[in-house]
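Enquirer: Numbering (full-length UniProt numbering), first residue to last: 1 to 341.
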Amino acid sequence: MKLIATPVLVLFDDTGGATLKRGTTLVRLNAPFQAKACIDILQAFKAPGLDPETFLAKLDPAAAEAVSGLIEQMKMARFLVPDTVDLDDPETVFWMDYGQSRTAIEDGATRLHLTMVGRNHLTERVAKALTAAGLTIDQWIDDPKLRGPAIQTLAPAPWREISGLDVPDAEDGTLSLLVAATDIGAETHLRPWNEFCVDNRLNFLPISLKDNRIAMGPYVRPFENACLECTRGRINANVMTLDRDDEEYRPEVPHAFGWHPMLLDTAASLATAEILRQAVGALPAMRPDHIVADPIGTGTVTRHGVLRLPRCPVCSPIKRHSAPMVVDSEDRNAALINEYR
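1. Could you check if residue 296 is buried or exposed, using at least 16 other CB atoms within 10 Å of its CB as the buried criterion?
2. Per DSSP, which one or two residues make a beta bridge with residue 1?
3. Hey, quick one: how far does the alpha helix (DSSP H) through residue 105 stretch, first residue to last?
4. In the DSSP assignment, find the unbroken alpha helix (DSSP H) run with residue 124 in it and report its ends.
5. Would you check if there are 3 or more beta carbon pairs closer than 8 Å linking the region 95-110 to the region 142-150?
6. By the three-class DSSP mapping on this structure, what secondary structure does residue 215 have?
7. By how many angstroms is the C-alpha of residue 231 removed from the C-alpha of residue 123?
8. Expressed to the nearest angstrom, what Euclidean distance is found between the alpha-carbon atoms of residue 202 and residue 89?
9. Hey, residue 20 and residue 79 are a contact pair by Cβ (cut 8 Å); roughly how many whole angstroms apart?
10. Do residue 70 and residue 37 have their beta-carbon atoms positioned less than 8 Å apart in this structure?
11. Flag this pair as yes or no: are the beta carbons of residue 129 and residue 302 separated by less than 8 Å?
12. I need the straight-line Cα distance from residue 227 to residue 192, nearest angstrom please.
13. Once DSSP output is grouped into helix, strand and coil, what is the label at residue 61?
14. Quick check: what's the CA-CA separation for residue 31 versus residue 137?
15. Does DSSP put residue 85 in a helix, a strand or coil?
16. Look at the alpha carbon of residue 185 and the alpha carbon of residue 258, and state the distance between them as a whole number of angstroms.
17. Out of curiosity, what's the CA-to-CA distance linking residue 267 and residue 317?
18. Which term fits residue 204, buried or exposed, when burial requires 16 or more other beta carbons within 10 angstroms of its beta carbon?
19. Below 8 Å, how does it come out for the region 174-183 and the region 206-215: are there three or more Cβ pairs, yes or no?
20. How long is the line joining the alpha carbons of residue 179 and residue 81, rounded to whole angstroms?
21. Is it right to say residue 225 is buried, meaning 16 or more other beta carbons lie within 10 angstroms of its own, or is it exposed?
22. Among residues of its own chain, excluding the 5 on either side of residue 18, which ones have a beta-carbon nearer than 7 Å to its beta-carbon?
23. Determine whether the beta carbon atoms of residue 233 and residue 288 lie at a separation below 8 Å.
24. Starting from the Cα of residue 8, find the closest Cα among 60, 52, 75, 50 and give me that residue.
25. If you draw a straight line from the alpha carbon of residue 25 to that of residue 160, how long is it in whole angstroms?
26. Among the candidates 198, 190, 104, 63, whose CA atom is the shortest distance from the CA of residue 117?
27. Would residue 141 and residue 115 qualify as a contact pair, given that the criterion is a beta-carbon distance under 8 Å?
28. Who are the near neighbours of residue 131 in its chain, counting only those whose CB is closer than 8 Å to its CB and skipping five residues on each side?
29. Should residue 308 go down as buried or exposed, given a rule of 16 or more other Cβ atoms within 10 Å for buried?
30. From the DSSP output, which residues share a beta bridge with residue 208?
31. Apart from the five residues on each side of it in sequence, which residues of its chain come closer than 8 Å, Cβ to Cβ, to residue 177?
32. Rounded to the nearest angstrom, what separates residue 263 and residue 52 at their Cα positions?
33. How many Å lie between residue 50 and residue 3 at the Cα?
34. Rounded to a whole number of angstroms, what is the C-alpha to C-alpha distance between residue 63 and residue 72?
35. Which residues in the same chain have their Cβ closer than 6 Å to the Cβ of residue 215, if we skip the five residues on either side of it in sequence?
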C-alpha cells in the first residue's frame, strides 16, 4: 500500500533539532539525525506517494530497521497516510487533526437518534448546523411553550405535537438524544423535558437564549452526571434572587424579546460541537459542563462543572424509593420548611 506525506510545517531550532507541526499535532525531535531522517521521508513520500517497502529497499539493512520504526511513528502521527485519503478535502484534513476519519464520523452519526424540541429560530439554526455536520434530525417536536416569535418565517419542517413524540426502543449501538431549545428565555419550560429524558433514560441537551447570553447544558446522561435540575439548584443556591421567582408570571411568548442572529449562530456552533463531542465522540473528550457564552458583551465562552444534587427531585436515587417533596414552588417549599422549624 502506498503512503503519501501530509502537509507538515518543520520548525528548526539552534540545537539542530526540529518540531513537526500538522494541525493540532506537534512532534518534537531533539536529535538532529532524527529531524533530517523525517524530512527525507516527507520529501520521498510526496505525491503521488510511495510504497514503504520500495523506500526501505534502497537503504542499508542496518539503517532500514530504524527508518521502518520511524515510518510507523509518522503513520501514527498521521504525517504519512494511505494514498487513498483525499488531502484536497478540507473536512478530511480537519478530522485527521483529531485522529478521526469521515467514515468514523458518519458511522457515529448513523447510530444517533436525534430529536429537536421547540419550534423557534434557535432550533432552526441548531438543526442547520447539525445537518451541515452530517447529522440527521429524526423527529421535530412542537412544544407550544417553547415557541418563539415570528415562527411563520421559519422553513417548513415535519413538526409533530408533543403527543406524537416517539421514544425509540433501546437498540444495541443506538444512542437517543433530545435537544430542547428556547430563544425567549423560557428555561422553566425546559425542565419537564429534562425530567422526561431522565425518566426514559434519553440523553438530553438544553439550550436557551436569555439576557443576550447563551446557556447550554449540561449534556445529560441520566443517572451518570448532573441534570438540568441539578444545575438550576446549584445556580439558585449562589444567588440572592431565585431564577424561578418570576416564572409563574412570565408569558409563554413575550411581546418583545430581542436577539441578534450572531447569538443564534454562536449557539448553533457550540451545540454542534458539544453533540459531536459528547454523543458522537468525534472531538476530544471533555466533561459535560454547563456552558455560558456571551459573544457580544464580554466575548467569552465559559464551561462550569456541575455536581449532581444529593436530593435532586429529578435524578436523585431517593426519587425511586420515596415520594418527592413539593418542588414546584419556592414559596411552598419555604412554607414547608418553616412549618417544621
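By construction, the Cβ of each residue, glycine as well, lies at the ideal position given by its N, Cα and C atoms.
Computed from a prediction, not measured in an experiment: that's the story for all the values here.
Expert: Working from what's here:
1. exposed
2. For residue 1, which the question treats as bridged, DSSP gives no partner whatsoever.
3. 102-110
4. 121-132
5. no
6. strand
7. 22 Å
8. 35 Å
9. 6 Å
10. yes
11. no
12. 12 Å
13. helix
14. 51 Å
15. coil
16. 10 Å
17. 32 Å
18. buried
19. yes
20. 37 Å
21. buried
22. 10, 11, 12, 29, 35
23. no
24. 75
25. 45 Å
26. 190
27. yes
28. 137
29. buried
30. 182, 215
31. 112, 113, 114, 115, 202, 203, 204, 205, 275, 279
32. 50 Å
33. 5 Å
34. 14 Å
35. 208, 292
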